[in-house]
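Asker: Sharing a structure below in structure tokens format, with a few things to ask.
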Amino acid sequence: MKIDKILVLGSGALKIGEAGEFDYSGSQALKAIREEGIGTVLINPNIATVQTSEGVADTVYFLPVTPFFVERVIKKERPGGILLAFGGQTALNCGVELYRGGVFEKYGVEVLGTPIQAIMETEDRDLFVRKLNQINIKTIRSIAVNSLEDAKVAAQNLGYPVILRAAYALGGLGSGFCDNQKELVALAEKSFAFSSQVLVEKSLKGWKEIEYEVVRDKYDNCITVCNMENFDPLGIHTGESIVVAPTQTLNNKECQHLREMAIKIIRHIGIVGECNIQYAFDVASEDYRVIEVNARLSRSSALASKATGYPLAFVAAKLALGYGLHELKNSVTRTTPAFFEPALDYVVCKIPRWDLGKFQGIAKEIGSSMKSVGEVMAIGRTFEETIQKGLRMIGQGMHGFVENRDLVIEDIDKALREPTDMRIFVLSKAMQAGYTLNQIYDLTKIDRWFLQKLMEIIETGKKLEKLSPPSDPEGKDWGDEEKNLLYLAKRQGFSDFQIARALWKKKMTQESPLQVRRLRKALGITPVVKQIDTLAAEYPAKTNYLYLTYGGREHDIDYEKDDRSIVVLGSGAYRIGSSVEFDWCGVQALLTIRREGWRSVMINYNPETVSTDYDMCDRLYFDELTNERVMDIVELETPKGVILSTGGQIPNNLAVILDKQQVPILGTSARYIDNAEDRHKFSAMLDRIGVDQPRWKELSSMRDVEAFVREVGFPILVRPSYVLSGAAMNVCSNLEEMERFLKLAANVSKQHPVVVSQFIEHAKEVEMDAVARDGEIIAYAISEHVEFAGVHSGDATIQFPPQKLYVETVRRIKRISRQIARELHISGPFNIQYLAKGNEIKVIECNLRASRSFPFVSKVLKINFIEMATRIMLGLDVERPEKNEFDLDYVGIKASQFSFNRLQKADPVLGVDMASTGEVGCIAEDTLEAILISMLAVGYRIPARNILLSTGTSRQKVDMLNATALLHQKGYQLYATGGTHRFLKENGIPSHRVYWPSETEKHPQALDMLHHKEIDLVVNIPRNLTSGELDNGYKIRRAAIDLNIPLLTNVRLADAFITAFCSLSVEDIQIRSWQEY
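At position 926 of the sequence shown (counting the first as 1) the number is 1174 in our numbering, and the numbers step up by one without a gap.
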């Protein structure tokens, strides 16, 4: 091949349905191309990814992945080829548009891998059905329609129930089930907002869903890498379902039949590289339908790679360059060629992680549209072991399938029939309440094989509860029966915690799980380490890809015990509040450890990450991040030290308990981590060193709360005890709100006190990300939020270097940070959040770990903070950097990506609770240009002409005045609700008056205008949280999201974005790579 430069499109910010898996596949593809000595250009505005780090691609553009920007980059870089399969639906759709617009032809760019025609045949439903009809493969009966009337006719012809899907959409966006015409009309309107073509198809709810990952090269060689089965029947999106690999409930003949068809399909469509084929299968009649084919790497292919150890993305990239399968080695086993089909002697289970509790008013049902924000993958020798491990990994307070806190379910039948995010625990509840297998099967259509295995877990749990705990700590008074039961429980995935709870019940203490640990070690019940070798141990494999299980006799690897290992704890499942940023931090730590000649060891269980890639570290444990499992691994590895500070909150929470067991923790010691995490200790420390903080008290009765409020006045910030990432925090601005919230969120009591803090309005929020050595700051980055305090720091738009801070403010922040670093003896990364108002500075919180802005500041400043921090933790010398942020002549803006369009009924308003699923970071010469690029990169569009305004309180109306005047000057038509209309009139700006939903008799109604597509941008600033106000505003905000109309709910951000697009046109944006700044 004579191509010397290849363009790769990334997938942009993480969103629901399109998350970290594309960082992983893109990173592998870039690695594969680089090996060949071909130059690489990457377009991806997601600054937190590993693929946008130094040394992965030759040139990186932090620009939106849209036809406009991609064409400009092609014009500048003149690549010979382009890869579209590694950036999710975003990259595919963008590629198809560029192809249709003749851009590839114009600049002579060759599409590598799967031809565009084949992509279009898999994405356009009509073409797809016709293509498969040619080889007599059955697809689900569906009719593609372009209008609501046609949709009604189609549904009539097919017969209800039907399912609607938007074409060219990802993760089931705009899809759902309709049982009648009324439901069809409501859903079709939303679907048409995202796509001009909508499919109406017959519903096969209740059939099995089976997936195959298939690979094909240009010589027509094909292999199937992995087949997977959804635990949930058809009707629940595969991204929302528990997925098991390999398939457990089909016989060999059925598997072979589906495999042969998969190969027939991939050959007929002509895919080069990797694709994913989803089947609906009816066991009774052995009938099947092909649901869809994805001609790109997907969430399922990331899972298949991690489940088999077969590097799908790497192989797909090589095949796109023109290699054949027989010419590639399998890089995991390093001996067998890449056309050996993997065989598995273990079971893998993927479980989704939802964060629905973070949203007001959200619908909890799960179905054909994706809502989960992350996923975990567990590996074990039996389905029971694997599912219990997985349920702990999700990190939502569950300990497995049994021995959890009791769920309150009013109607178990209904909960089984209509699945929600708690579905698996409803099964547990039903089994314990005496439902039979057949009853549960009839209500859920989950295969009886799975239900039988879950029943066995329940049986073991009941037997354990009948045991009396041993009186001897080493179990000398236990006979064989008790020992065998304990061993069985461990083989079925019971944790020490679950066993302790079953044995001691109400008398259980924090020490009980450690007692169980001591007991089973005395009885010789310990896990073994097994390797994943893609060939079920048939060939000698050299892999470092490990898991622990009780279903085996001996370890697959030998331990050197040479004090050369450094263990890094990963960040677990992606969730709102902890995402790809921490994967970047973990990977940078691993690379630094390796570079310095140590043995790098990673523990993580997230299949979407780069840190769980087979060649990122010397040993990878794909296993739990619990005290029990980390201790199992530490005892085998006997490491020099363990790094907790790069994996977000999960490793941080383990600090104290690991320290108690003499685990060598590198960096800041556990005692100081606890001093920063515990608000009483932290607050006392700040008082001692004379640093100001917002006034707060922990109170245990309503009377105390009211007394505190009389002292500090409204607004106040209320947070119930034990929360993460602001969950269930709220700002209350009057008594009515406060009482309503406290009744809703927490019964205030001595056991459950609430923390009430004074909330400072119109204050700037400033962050300090830094690295220290023995309490002395070595490098720092101060960044400033665009929004005022009150928007969670993970949702805020952040500018770096800061543009509008007083010199005095910066000086004070540096001084206070130095004091805190010294007091807490910090070694390694840390982050402090400040409030600044006038020249008063108050500390909000301090995290003794990397924060989610570390990749952003590291890349804008071009100083790798994590590499520095890791060197310090390893005890190596570190130079202070020559430059600091005030030397930069450009600006970075980090903007947040929200996924409200997937979260039906949730109120898309920003507050102290974090709601964003991802981020972008864009760099430009000045703030306005950086804001414009980053807002376009998270999916905002510049409005064509009509803008709907309702701008909150009188103070906020004044803050918005300049921006509103600019809109008027630029010739935009302004539509405003009552108060805003009057205010604009008083200030000489003309606008059309529109009415709220509650003003039913009056016209024009704001909602009607949205539904008629007459509005291009909605600015809706909630004035306060009283119920009437929220209701009116909610209807407008929700309609904007459902109808795909850009929405701004924050005054400062609205002002910044409007000023940017009124002052600059998109044509003025300079196309410059990261390397050019």
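Ideal Cβ placement from N, Cα and C applies to all residues, glycine included.
Keep in mind it's a predicted model, so treat the numbers as computed, not measured.
Would the beta-carbon of Leu592 be found less than 7 Å away from any heavy atom of the ligand MG?
Answerer: In the structure on display, the ligand MG does not appear, and there are no ligands present to speak of.
Asker: Could you tell me whether the Cβ atoms of Ser917 and Pro1001 are closer together than 8 Å?
Answerer: Sequence index remark: in the sequence shown, residue 917 carries index 669 (1-based). Sequence index remark: in the sequence shown, residue 1001 carries index 753 (1-based). For Ser917 and Pro1001, no; Cβs fall outside 8 Å.
Asker: Tell me where the beta strand (DSSP E) around Cys597 begins and ends.
Answerer: Residue numbering aside, residue 597 sits at position 349 when the sequence shown is read from its first letter. Cys597 -> beta strand (DSSP E) spans 595-601.
Asker: With a 10 Å radius around its C-beta and 16 neighbouring C-beta atoms as the bar for buried, classify Phe440 as buried or exposed.
Answerer: Walking along the sequence shown from the start, residue 440 turns up at place 192. In summary, Phe440 is buried, with 16 or more beta-carbon neighbours lying within 10 Å of its beta-carbon over all protein chains present.
Asker: Which residues in the same chain as Met986 place their Cβ atom closer than 6 Å to its Cβ, once the five residues preceding and following it in sequence are excluded?
Answerer: Taking the first residue of the sequence shown as 1, we reach residue 986 at position 738. Only Cys980 meet the Cβ criterion.
Asker: Would you mind reading off the limits of the beta strand (DSSP E) that contains Asp530?
Answerer: Your numbering for residue 530 matches position 282 in the sequence shown. First-last of the beta strand (DSSP E) with Asp530: 521-530.
Asker: Compute the Euclidean distance between the alpha carbons of Phe1078 and Cys1094, then round it to the nearest angstrom.
Answerer: Start at 1 with the first residue of the sequence shown, and residue 1078 comes out as number 830. Start at 1 with the first residue of the sequence shown, and residue 1094 comes out as number 846. Straight-line spacing of the CA atoms in Phe1078 and Cys1094 works out to 7 Å.
Asker: Along the alpha helix (DSSP H) that carries Asn875, what are the first and last residues, could you check?
Answerer: Here residue 875 refers to the residue found at position 627 of the sequence shown. Unbroken alpha helix (DSSP H) run through Asn875: 875-885.
Asker: Taking the beta carbon of Glu459 as the centre, do at least 16 other beta carbons fall within 10 Å, making it buried, or is it exposed?
Answerer: In the sequence shown, counting from the first residue as 1, residue 459 sits at position 211. Within a 10 Å sphere around the beta-carbon of Glu459 sit 16 or more other beta-carbons, which makes this residue buried.
Asker: According to DSSP, which residues form a beta bridge with Lys1085?
Answerer: Residue 1085 sits at position 837 when you count from the first residue of the sequence shown. Lys1085 pairs with Glu1088.
Asker: I need the boundaries of the alpha helix (DSSP H) containing His1216, first residue and last residue.
Answerer: Here residue 1216 is taken as the residue at index 968 of the sequence shown, counted from 1. 1209-1217 is the extent of the alpha helix (DSSP H) around His1216.
Asker: Run through DSSP, which three-state label would Ile937 get?
Answerer: For the purposes of this step, residue 937 is taken as the residue at position 689 of the sequence shown. Looking at Ile937 - three-state DSSP - the assignment turns out to be helix.
Asker: Kindly indicate which residue of Glu1167, Gly356, Arg378, Gln1152 has the alpha-carbon position closest to the one of Gly424.
Answerer: Walking along the sequence shown from the start, residue 424 turns up at place 176. Closest by alpha carbon: Gln1152.
Asker: Classify Arg1021 as helix, strand or coil using the three-state DSSP reduction.
Answerer: Translated into positions along the sequence shown, residue 1021 becomes position 773. The answer is strand: DSSP assigns Arg1021 an E or B state.
Asker: Note down the Cα distance separating Ala975 from Asp1161, rounded to an integer number of angstroms.
Answerer: Counting from one through the sequence shown, the residue named residue 975 turns up at place 727. Counting from one through the sequence shown, the residue named residue 1161 turns up at place 913. Annotation note: pLDDT 48 at Ala975 (below 50); position unreliable, no value reported.
Asker: Checking 8 Å against the spacing of the C-beta atoms, do Lys338 and Val313 come in under that value?
Answerer: If you number the sequence shown from 1, residue 338 lands on position 90. If you number the sequence shown from 1, residue 313 lands on position 65. Note that residue 338 is Thr in the sequence shown, not Lys. In this structure, Val313 lies closer than 8 Å to Thr338 by Cβ.
Asker: With Leu435 and Lys453 assumed to form a contact (beta carbons below 8 Å), what rounded beta-carbon distance in angstroms separates them?
Answerer: If you number the sequence shown from 1, residue 435 lands on position 187. If you number the sequence shown from 1, residue 453 lands on position 205. Leu435 to Lys453, Cβ: 16 Å. No contact.
Asker: Less than 8 Å separating the beta-carbons of Pro590 and Cys474?
Answerer: Reading the sequence shown from its first residue, position 342 is the one you call residue 590. Reading the sequence shown from its first residue, position 226 is the one you call residue 474. Yes, the pair counts as a contact, with Cβ atoms nearer than the cut-off.
Asker: Hey, quick one: how far does the beta strand (DSSP E) through Leu734 stretch, first residue to last?
Answerer: Along the sequence shown, one-based indexing puts residue 734 at 486. That residue, Leu734, is in no beta strand (DSSP E); its alpha helix (DSSP H) goes 728-739.
Asker: Please name the residue, chosen from Pro1156, Ala402, Glu1133, that lies closest to Gly609 on a Cα-to-Cα basis.
Answerer: For the purposes of this step, residue 609 is taken as residue 361 along the sequence shown, with counting starting at 1. Ranking Pro1156, Ala402, Glu1133 by Cα distance to Gly609 puts Pro1156 first.
Asker: So Leu360 and Gly329 are in contact, right, with Cβ under 8 Å, and what is the actual spacing, rounded?
Answerer: Position 112 of the sequence shown holds residue 360. Position 81 of the sequence shown holds residue 329. About 5 Å; that satisfies the 8 Å criterion.
Asker: Kindly indicate the opening and closing residues of the beta strand (DSSP E) around Asp866.
Answerer: Here the question's residue 866 lines up with position 618 in the sequence shown. Run containing Asp866: none; DSSP gives neither H nor E here.
Asker: My understanding is that Ile851 touches Asp866, with C-beta atoms under 8 Å, so please give their C-beta distance in whole angstroms.
Answerer: Here residue 851 refers to the residue found at position 603 of the sequence shown. Here residue 866 refers to the residue found at position 618 of the sequence shown. About 13 Å; that fails the 8 Å criterion.
Asker: Can you give me the start and stop residues for the alpha helix (DSSP H) that Asn394 sits inside?
Answerer: Sequence index remark: in the sequence shown, residue 394 carries index 146 (1-based). Segment: none, Asn394 is in no alpha helix (DSSP H) and carries neither H nor E.
Asker: Once the 5 residues before and after Leu972 are set aside, which same chain residues still bring their CB inside 6 Å of it?
Answerer: Position 724 of the sequence shown, counted from the start, is the residue given in the question as residue 972. Unreliable positioning characterises Leu972 in this predicted model, as indicated by a pLDDT of 38, which lies under 50. The coordinate reading is nonetheless provided below. Excluding residues within five positions, none has a Cβ falling inside 6 Å.
Asker: Under 8 Å, with one C-beta from each stretch per pair, do the stretch 884-892 and the stretch 909-916 reach the 3-pair mark?
Answerer: yes
Asker: Taking 8 Å as the threshold (C-beta atoms), are Leu691 and Asp659 in contact?
Answerer: In the sequence shown, residue 659 corresponds to position 411, counting from 1. In the sequence shown, residue 691 corresponds to position 443, counting from 1. Result no, Cβ atoms of Asp659 and Leu691 do not sit closer than 8 Å.
Asker: Find out if the Cβ-Cβ distance for the pair Ala564, Ala333 is shorter than 8 Å.
Answerer: The sequence position of residue 564 within the sequence shown is 316, counting from 1. The sequence position of residue 333 within the sequence shown is 85, counting from 1. Less than 8 Å separates the beta-carbon of Ala564 from that of Ala333.
Asker: Would you decide whether Trp1244 is buried or exposed? Buried here means 16 or more other CB atoms lie within 10 Å of its CB.
Answerer: Sequence index remark: in the sequence shown, residue 1244 carries index 996 (1-based). Trp1244 should be labelled buried.
Asker: Return the CA-CA distance between Arg1070 and Gly1023, expressed in angstroms with no decimal places.
Answerer: Against the sequence shown, residue 1070 aligns to sequence position 822. Against the sequence shown, residue 1023 aligns to sequence position 775. Rounded to the nearest angstrom, the two C-alpha atoms are 4 Å apart.
Asker: Starting from the Cα of Asp271, find the closest Cα among Leu1122, Thr857, Gly285 and give me that residue.
Answerer: The residue given as residue 271 occupies position 23 in the sequence shown. Selection Leu1122, Thr857, Gly285 evaluated against Asp271 yields Thr857 as nearest (Cα-Cα).
Asker: Just to check my reading of the structure: Val351 and Met368 have Cβ atoms closer than 8 Å, yes? What is that Cβ distance to the nearest angstrom?
Answerer: Stepping through the sequence shown from its first residue, residue 351 is reached at position 103. Stepping through the sequence shown from its first residue, residue 368 is reached at position 120. Contact doesn't hold; Cβ gap of about 16 Å is too wide.
Asker: Would you check if the distance between the CB atom of Pro667 and the CB atom of Glu613 is smaller than 8 Å?
Answerer: Looking up residue 667 in the sequence shown gives position 419. Looking up residue 613 in the sequence shown gives position 365. Cβ distance < 8 Å, so Pro667 and Glu613 count as in contact.
Asker: Just to confirm before moving on: does the CB-CB distance between Ala1163 and Asp1043 stay below 8 Å?
Answerer: Stepping through the sequence shown from its first residue, residue 1163 is reached at position 915. Stepping through the sequence shown from its first residue, residue 1043 is reached at position 795. Their beta carbons are under 8 Å apart, which means Ala1163 touches Asp1043 by this criterion.
Asker: Which residues does DSSP list as the beta-bridge partners of Asp374?
Answerer: Within the sequence shown, numbered from 1, the residue matching residue 374 stands at position 126. Answer by DSSP bridge pairing: none, since Asp374 is not bridged.
Asker: Where does the unbroken beta strand (DSSP E) through Asn978 begin, and where does it stop?
Answerer: Here residue 978 refers to the residue found at position 730 when the sequence shown is read from its first residue. Looking at the DSSP string, the run of the beta strand (DSSP E) that includes Asn978 is 978-980.
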